[in-house]
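In order, the protein sequence lines correspond to chains B and P. Residue numbers -6 to 98, in the working numbering, belong to the letters of the first sequence in order. Residue numbers 730 to 962, in the working numbering, belong to the letters of the second sequence in order. The block underneath contains the structure these notes are about, expressed in structure tokens.
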Amino acid sequence: MDNLIFFPLLAVMIVVTYLIRALPFVLFREKIESPRLKAFFEYIPYAVLSSMTFPAILYSTDSVPGAAAGLLVALLLSWRGKSLLIVAIGTCLSAFLVSLAVSFI
Amino acid sequence: MGFSKGVKDGLAIGLGYLSVSFSFGVLAVNSGLSWWQATLVSLTNLTSAGQVAGVGIMAASGGLIEMAIATFIINLRYSLMAISLSQKTDSSMTIPARLITGYVITDEIFGVASGADHPVSFRYLAGLGVLPVIGWTLGTLLGAVCGNILPAMVTNALSIGIYGMFVAIVLPASRKSRSVMVVSIIAVVLSCILFYVPFFKENISSGFAIIICSVIASVIGAFFMPSKEEADG
């Protein structure tokens, strides 16, 4: 990637990511009391991950059937409470096998 | 509680990060970053979801404002963790100490530090961060290099791995809490609408799409289900 595109965007990422952690760590010593605000902060990580994953996961490989198989296996293994590593390996493996199978058809 | 205790407690996190960041490294080079660019992103940011979105914005040559807002929203949770962790620190946590250790506040490090049975000292938190930073950076480097060497079919399959891990974070939490499930489903539905309706797809970039979906879903959740106890029923 062209460094003229990469570095300005990276700099913004670094500054925002750092300040969002360090500033509250330095400035705030009190607990958040508002239940709505607390709930908002609690929900944000899951909402972010959900919207980042769907539907992008289906187009994350060059084969939609393969990616769909990966998604299915990810849902299945996660539902059974498997660890992140096991879920990741299962997802990649099934996506690979199905995309391989499809390419032979 | 000293530095070495922190390092010991950080071992499991560091090993976990090795595999997550490996898939990030593959994804980053598939998105057009070079191996050292991908590694530099990990070393300087130390955040999974924020980096995946950030690399997406880089790949699309997105704007600086878009990058700033997307990074802000996606990493907003760290503010809450920092505020919460702030209550548990001892007197060794001076302002310079906070400015240094603020960099290592991630979901997992926060989890371990806030679960510890002792106040969090500067040395402990610094030690806790060492192996996760190394694991996260090294994993990205390995993933980025393998992404360049391995055949396209393999790297394509590997780049789905990080999304698999995202599913593995959201789904168990949704099983435990109905309110988390509702918020997640709203986010998914909104995200699909923005992706599949041509008008939205053409006018809203991926970074802003994540912002819009996650903020709307979380506001709805906070408004109608302000307490988890209420919603878990």
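Virtual Cβ for every residue (Gly too), placed ideally from N, Cα, C.
Inter-residue Cα distance where the pair is residue i and residue j
{"i": "P/T818", "j": "P/F801", "result": "25 Å"}
{"i": "P/S888", "j": "P/G950", "result": "31 Å"}
{"i": "P/V948", "j": "P/M796", "result": "21 Å"}
{"i": "P/G792", "j": "P/L756", "result": "21 Å"}
{"i": "P/E959", "j": "P/I798", "result": "Note on P/E959: pLDDT 46, under 50, position unreliable in the model; the coordinate value appears next. About 32 Å."}
{"i": "P/L857", "j": "B/C85", "result": "30 Å"}
{"i": "B/S53", "j": "P/W865", "result": "21 Å"}
{"i": "B/L78", "j": "P/R907", "result": "25 Å"}
{"i": "P/M787", "j": "P/Y892", "result": "18 Å"}
{"i": "P/M810", "j": "B/A94", "result": "45 Å"}
{"i": "B/V91", "j": "B/G83", "result": "12 Å"}
{"i": "P/V859", "j": "P/V926", "result": "45 Å"}
{"i": "B/V41", "j": "B/I(-2)", "result": "25 Å"}
{"i": "P/M782", "j": "B/L2", "result": "Checking the displayed sequence, the identity of residue 782 of chain P turns out to be Ala instead of Met. Rounded to whole angstroms, P/A782 to B/L2 spans 12 Å at the Cα level."}
{"i": "P/L805", "j": "B/V19", "result": "16 Å"}
{"i": "B/W72", "j": "P/P901", "result": "6 Å"}
{"i": "P/S903", "j": "P/K734", "result": "33 Å"}
{"i": "P/T830", "j": "B/V5", "result": "20 Å"}
Top-ranked residue by Cα proximity to residue i, from the options
{"i": "B/K75", "options": "P/M894, P/L919 and P/M822", "result": "P/M894"}
{"i": "B/I98", "options": "B/I7, B/A49 and B/S56", "result": "B/S56"}
{"i": "B/S87", "options": "B/I79, B/L78, B/V80 and B/G63", "result": "B/G63"}
{"i": "P/K930", "options": "B/C85, B/P48 and B/V95", "result": "B/P48"}
{"i": "B/P17", "options": "P/I834, P/K905 and P/S733", "result": "P/I834"}
{"i": "P/S748", "options": "P/I945, P/I863, P/F937 and P/P955", "result": "P/I863"}
{"i": "P/V849", "options": "P/S813, P/A778 and P/G876", "result": "P/S813"}
{"i": "P/V770", "options": "P/Y853, P/I945, P/E837 and P/G868", "result": "P/G868"}
{"i": "P/V883", "options": "P/S752, P/D836 and P/V736", "result": "P/S752"}
{"i": "P/S815", "options": "B/L(-3), B/F89 and B/I25", "result": "B/I25"}
{"i": "P/C875", "options": "P/N759, P/K734 and P/A826", "result": "P/N759"}
{"i": "B/I13", "options": "P/A778, P/S808 and P/I914", "result": "P/S808"}
{"i": "P/F952", "options": "B/A67, B/L69 and B/S27", "result": "B/S27"}
{"i": "P/I898", "options": "B/F89, B/L69 and B/S96", "result": "B/L69"}
{"i": "P/G699", "options": "P/S733, P/K734, P/Y746 and P/S843", "result": "Nothing in the structure corresponds to residue 699 of chain P, since chain P is present only between 730 and 962."}
{"i": "P/A803", "options": "P/D836, P/W765, P/M954 and P/F928", "result": "Inspection of the sequence shows that residue 803 of chain P is occupied by Ile rather than by Ala. The shortest Cα separation from P/I803 among P/D836, P/W765, P/M954 and P/F928 belongs to P/D836."}
{"i": "B/Y11", "options": "P/V736, P/S750, P/I742 and P/L772", "result": "P/L772"}
{"i": "P/I824", "options": "B/M(-6), B/S43 and B/F21", "result": "B/F21"}
{"i": "P/V917", "options": "B/V9, B/L30 and B/T46", "result": "B/T46"}
{"i": "P/V911", "options": "P/A778, P/S956 and P/A946", "result": "P/A946"}
Local conformation of residue i per DSSP, three classes
{"i": "P/V849", "result": "strand"}
{"i": "B/M45", "result": "helix"}
{"i": "P/G858", "result": "helix"}
{"i": "P/V944", "result": "helix"}
{"i": "P/L805", "result": "coil"}
{"i": "P/G844", "result": "helix"}
{"i": "B/L69", "result": "helix"}
{"i": "P/E959", "result": "With a pLDDT of only 46 at P/E959, under 50, the local geometry of the prediction cannot be trusted, and no value is derived from it."}
{"i": "P/K930", "result": "helix"}
{"i": "P/L762", "result": "coil"}
{"i": "B/E26", "result": "coil"}
{"i": "P/I949", "result": "helix"}
{"i": "P/G872", "result": "helix"}
{"i": "B/G63", "result": "helix"}
{"i": "P/M810", "result": "helix"}
{"i": "P/M954", "result": "coil"}
{"i": "P/G890", "result": "helix"}
{"i": "P/G936", "result": "helix"}
{"i": "P/G864", "result": "helix"}
According to DSSP, residues forming a beta bridge with residue i
{"i": "P/T818", "result": "P/V849"}
N- and C-terminal bounds of the alpha helix (DSSP H) containing residue i
{"i": "P/R827", "result": "I824 to T830"}
{"i": "P/M787", "result": "S777 to A788"}
{"i": "B/D55", "result": "From DSSP, B/D55 is part of no alpha helix (DSSP H); its letter is neither H nor E."}
{"i": "P/T835", "result": "No alpha helix (DSSP H) contains P/T835, which DSSP labels as neither H nor E."}
{"i": "B/F(-1)", "result": "N(-4) to L20"}
{"i": "P/I915", "result": "R907 to Y925"}
{"i": "P/N885", "result": "A881 to L887"}
{"i": "P/V735", "result": "For clarity, residue 735 of chain P is Gly in the given sequence; the question names Val instead. Start and end: F732 to N759."}
{"i": "B/S87", "result": "L77 to F97"}
Cβ-heavy atom distance, residue i to the ligand COA, below 7 Å
{"i": "P/L793", "result": "Absence of the ligand COA is noted for the structure shown, with no ligands found whatsoever."}
Within chain C, partners of residue i - CB distance below 7 Å
{"i": "P/L900", "result": "The structure shown has no chain C; the protein chains it does contain are B and P."}
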